[in-house]
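Residue numbers (the working numbering): 68 to 289.
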Amino acid sequence: MPPATNPTPTLAERFRGFLPVVVDVETGGFNARTDALLEIAAVIIGLDAEGRLLRGATHAWHVTPFKGANIEAAALQVTGIDPHHPLRPAIPEREALQRIFREVRAAMAAAGCTRAVLVGHNAHFDLGFLNEAIARSEIKRSPFHPFAIFDTATLAGVAFGQTVLARATVAAGLGWDSSAAHSAVYDAEITADLFCEIVNRFRPIYAATPPLPPEPPDPRDA
């Protein structure tokens with residue numbers, strides 16, 4: 068008898084109850100505790116009828132720097148953001164997070180997932196800024212796992228031998244628009260495309276993997 072295989076999964080089954088959400092932040096520097104969060108974008112990941120991942124809706128906001136935030140001039144040269152432009156439609160951190168979390172929780176409910184997991188390129192950078200903004204905003208419950216991530220820098224290194232986002236997307240056949248890079252929306256959406264491409268290429272491995280018995284609940288996932 069051939070070994071059991073994984074049938075076409077639901078999104079909740081594919082990642083043991085986690086909903087992948089790609090997050091990109093643009094910031095005033097590298098220090099998540101002291102430097103400003105200036106833009107944040109979140110891209111919901113979906114699944115088609117054949118079990119292929121696909122990019123879903125994008126939710127993005129400009130963010131007002133928190134009081135006392137440090138903003139490095141070199142960071143603004145990279146992103147092109149003028150945080151004090153009078154026409155910049157920025158909202159406070161807490162409001163931006165509440166809007167993102169509302170959309171993420173709705174997507175979790177629709178997919179039957181119990182937790183969101185942050186997907187990012189060098190994902191701990193984005194998760195660090197997200198977690199610090201959560202703490203500053205005194206938000207008690209986040210839909211995101213506090214430390215688990217899917218890092219496309221690591222995944223692309225395994226799949227394509229490339230860890231730089233611009234080179235990884237080219238290696239994956241997705242292209243790269245340098246004029247749009249370093250905006251939270253573009254970076255999140257191209258990272259979502261890269262994540263979907265890599266996971267979809269690994270479908271034969273997943274399908275051939277015998278399913279494991281159900282696992283007991285992990286309180287860290289609560």
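Even for Gly, the Cβ is constructed at its ideal location relative to N, Cα and C.
Between which two residues does the beta strand (DSSP E) harbouring I265 extend? In the DSSP assignment, I265 falls outside any beta strand (DSSP E) and within the unbroken alpha helix (DSSP H) covering A251 to R268.
Just to confirm, is the Cβ distance from E139 to G195 under 8 Å? E139 is not a Cβ neighbour of G195, given a cutoff of 8 Å.
Taking all protein chains shown into account, decide if G135 is buried (16 or more other Cβ within 10 angstroms of its Cβ) or exposed. Exposed: under 16 other Cβ atoms inside 10 Å.
Out of C180, E160 and L121, which one is the CA nearest neighbour of A79? Out of C180, E160 and L121, the CA that lies nearest to the CA of A79 is found in C180.
Given H188 as reference, the closest of T230, F97 and R268 once Cα atoms are compared: Out of T230, F97 and R268, T230 has the C-alpha closest to the C-alpha of H188.
So what does DSSP say about P159, is it helix, strand or coil? Three-state result, P159: coil.
If you count every other CB in all the chains shown that lies within 10 Å of the CB of A274, and 16 or more means buried, which is it? By the neighbour-count rule (16 or more Cβ atoms within 10 Å), A274 is not buried but exposed.
Runs of alpha helix (DSSP H) wholly within the segment 193-241 (minimum 4 residues, chain order): Those alpha helix (DSSP H) runs which fall completely within the segment 193-241 and span 4+ residues are 219-227 and 232-238.
Give the DSSP-derived three-state secondary structure of R172 in the structure shown. In the three-state DSSP reduction, R172 falls in the helix class (H, G or I).
How is the alpha helix (DSSP H) around T146 delimited, first residue to last? That run of the alpha helix (DSSP H) goes A140 to T146.
If you draw a straight line from the C-alpha of L222 to the C-alpha of F262, how long is it? For L222 and F262, the distance between alpha carbons rounds to 8 Å.
Which stretch, first to last residue, makes up the beta strand (DSSP E) that contains A108? Taken as a continuous stretch (DSSP letters only), the beta strand (DSSP E) holding A108 covers L104 to L114.
Assigned exposure category for H151 - 16 Cβ within 10 Å defines buried: Under this definition H151 is an exposed residue.
May I ask which residues mark the beginning and end of the alpha helix (DSSP H) holding A183? Where A183 is concerned, there is no enclosing alpha helix (DSSP H), although the beta strand (DSSP E) around it starts and stops at R182 to G187.
If you follow the beta strand (DSSP E) that A124 is part of, which residue opens it and which one closes it? L120 to V130 is the span of the beta strand (DSSP E), which, as asked, contains A124.
Give every residue of the same chain whose Cβ lies closer than 6 Å to the Cβ of R100, excluding the five residues on either side of it in the sequence, and list them in chain order. Contacts found: E199.
Please work out which residues of its chain come closer than 6 Å, Cβ to Cβ, to V171, disregarding the five sequence neighbours upstream and downstream, and give them in chain order. Cβ within range, chain order: V88, A183 and P210.
Quick one: grab the DSSP three-state call for L154. DSSP, reduced to helix, strand and coil, places L154 outside both helices and strands of the structure shown, so it counts as coil.
DSSP beta-bridge partners of D91: Residue pairing by DSSP puts D91 in a beta bridge opposite A108.
Less than 8 Å separating the beta-carbons of G118 and R270? Yes. Within cutoff.
Quick check on the DSSP output: the alpha helix (DSSP H) that includes L78 runs from which residue to which? In the DSSP assignment, L78 falls within the alpha helix (DSSP H) that extends over L78 to R81.
Compare the Cα-Cα distances from E160 to each of I216, Y253 and E93 and report the closest residue. The option with the nearest alpha carbon to E160 is E93.
What is the DSSP secondary structure of L86, reduced to helix, strand or coil? In this structure, L86 counts as strand in the three-state DSSP scheme.
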